[in-house]
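Below is one structure, written out as structure tokens; comments come after it.
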Amino acid sequence: MKPQMLALAASLLFAAIPAGHAAEKIADKAADHPATQTAAQLQAAQPTAAGVYRFAVGDLRITALSDGTLPLGIKPLVKGLSPERIDALLAERFERDPLETSINAFLIDAGPRLLLVDTGAGRLFGPYGGKLPASLAAAGYRPEQVTDILLTHIHTDHSGGLALDGRMVFPNATVHVGQADIDFFLDRANLARGLQPRLHDEAVATVGPYLKAGKVKPFSDQSEILPGVTAIPTPGHTPGHAFYRVASRGETIEFWGDIIHVGPVQFPHPDATVAFDIDQDAARAQRLKRFAQEAGSGQLTAAAHLGFPGLGRLQRDGDAYRWVPVEYRNRE
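Each residue of the sequence shown is one higher than the last, beginning at 3 in the numbering used here.
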């Protein structure tokens, strides 16, 4: 990867992405010498299918949409654990640093309303992310059909897909987001309080067009912002970070956002924070509180950065926790 691209990714949200585009180089060489292609080269040369996974909650048809994945450097990211312990936890899952990390969004078809939870990174992560439009099209929907966008928070990989070249990608949508995130990311005065200039500029570029159009409805307290949709402020990772609980016919699902980034590490060590947490202590306390509430409840949960489709349930495992992914279904 070019140095400026690495700086971009690090300053936005994700740090320590390894340099180089080895897969692309392998694919180029394989195209010149097809007879010598290895299995890895063949895989690298194939186009990637859009990430779409449909499921139901009550009367709601919900679709997990992949915005792509990226290699996330774990050891420079996680706070409170030694590099050796991090490597051991990853090895238990046959994974390693950097960890391939999903960027997930979720579409909720509620009949007259079409809700989108987060919008991916758009073009702001360079070669990583930006696949949400293709996933949305593969699911059979168009951006102009989206009526409401539920932002878990205004970090680039969640709000970056809102706008492109100054125009709203979802022109008919109202954006719901925590007031505290609007106050923090959109106010230049916060540059003196630790807000990164690039994050401010990108918030202006992505959320800004909706603010100017009067299409942002912020919230400050836990409240039902749409029929069957409850916003639950969970500040810590960002000042206005929020969950969304969606209910239909006695069934519920919660969309978690960034209360967890690194499943293999933070489920066994929920006290571990990450460098992206704006308030480290509040983020830790929020995770410990929410995990304790959810564990064993059977609550279906959708997470932004766990392996696609990011759906599962939480169980207690002694003093730690265990994530149980949903079973795969490929039928109506």
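By construction, the Cβ of each residue, glycine as well, lies at the ideal position given by its N, Cα and C atoms.
Closest residue to residue i among the options (Cα-Cα distance)
i: V206; options: A233, R169, S222; result: R169
i: T71; options: F278, S84, G128, P235; result: G128
i: V80; options: V264, G132, A306; result: V264
i: G82; options: Q301, D279, F221; result: D279
i: W258; options: G60, H160, R56; result: H160
i: G300; options: L67, A306, L316, P311; result: L316
i: L101; options: L62, P114, L91, R247; result: L91
i: P229; options: R251, F108, A58, E97; result: R251
i: D183; options: A107, S225, V218; result: V218
i: A93; options: Q295, F221, P266; result: P266
i: L302; options: T103, L290, E329, T208; result: E329
One or two residues paired with residue i in a DSSP bridge
i: F221; result: G180
i: E253; result: S250
i: H108; result: Looking at the sequence itself, residue 108 is Phe, so the reference to His does not match. Paired residues: A66, V119.
i: D150; result: L117, T176
i: P327; result: G314
i: P73; result: E102
i: R169; result: L166
i: D319; result: A322
i: F245; result: I234
i: E226; result: T232
Residue range of the unbroken beta strand (DSSP E) whose run includes residue i
i: I234; result: 231-235
i: G210; result: Looking at the DSSP string, G210 is not in any beta strand (DSSP E); the run it does join, the alpha helix (DSSP H), is 210-214.
i: L79; result: Neither: L79 is in no beta strand (DSSP E) and is coded neither H nor E.
i: A304; result: 302-304
Cut-off 7 Å between Cβ atoms - residues of its own chain near residue i, not counting five sequence neighbours on either side
i: F269; result: A322, Y323, R324, W325
i: F245; result: I234, T236, E256, F257, W258, G259
i: R195; result: none
i: R63; result: R56, D111
Sequence-distant residues of its chain with Cβ nearer than 6 Å to residue i (five each side left out)
i: K77; result: P85, I88, D99
i: R286; result: D273, T275
i: H35; result: Only weak support exists for where H35 lies, its pLDDT of 36 falling under 50; the value from the coordinates is given anyway. Taken in chain order, the list of residues that qualify is empty.
i: V148; result: L116, L118, F172, A175
i: G1; result: Lying outside 3 to 334, the shown extent of the chain, residue 1 is not represented and no answer is given.
i: P145; result: V171, F172
i: D61; result: S250, R251
i: A277; result: L79
i: S137; result: A52, G53, V54, L67, S68
Where the alpha helix (DSSP H) through residue i begins and ends
i: V267; result: 265-268
i: A90; result: 85-94
i: D159; result: 158-161
i: F310; result: Unbroken run through F310: none, as it is neither H nor E.
i: A58; result: Segment 54-59 is the beta strand (DSSP E) holding A58; no alpha helix (DSSP H) there.
i: A294; result: 282-296
i: P272; result: Segment: none, P272 is in no alpha helix (DSSP H) and carries neither H nor E.
i: A194; result: That residue, A194, is in no alpha helix (DSSP H); it is neither H nor E in DSSP.
i: A136; result: 134-140
Rounded distance between the beta-carbons of residue j and residue i, thought under 8 Å
i: R318; j: A304; result: That belief does not hold up - the Cβ atoms of R318 and A304 are roughly 20 Å apart, past 8 Å.
i: A233; j: H271; result: At roughly 28 Å, the Cβ-Cβ gap does not stay under 8 Å, so A233 and H271 are not in contact.
i: G162; j: A123; result: 4 Å
i: A140; j: V54; result: 5 Å
i: H155; j: G180; result: 7 Å
i: L67; j: L109; result: 6 Å
i: T121; j: L164; result: 5 Å
8 Å Cβ cutoff, residue i in contact with chain D
i: D99; result: Note that chain D does not occur in the displayed structure, where there is just one protein chain.
Proximity test, residue i beta-carbon vs the ligand SAH heavy atom, cut-off 7 Å
i: A285; result: Of ligands this structure carries none, so the ligand SAH is not represented either.
Cβ-based neighbour list, residue i, same chain, cut-off 8 Å, excluding 5 preceding and 5 following
i: A215; result: M170
i: E97; result: P266
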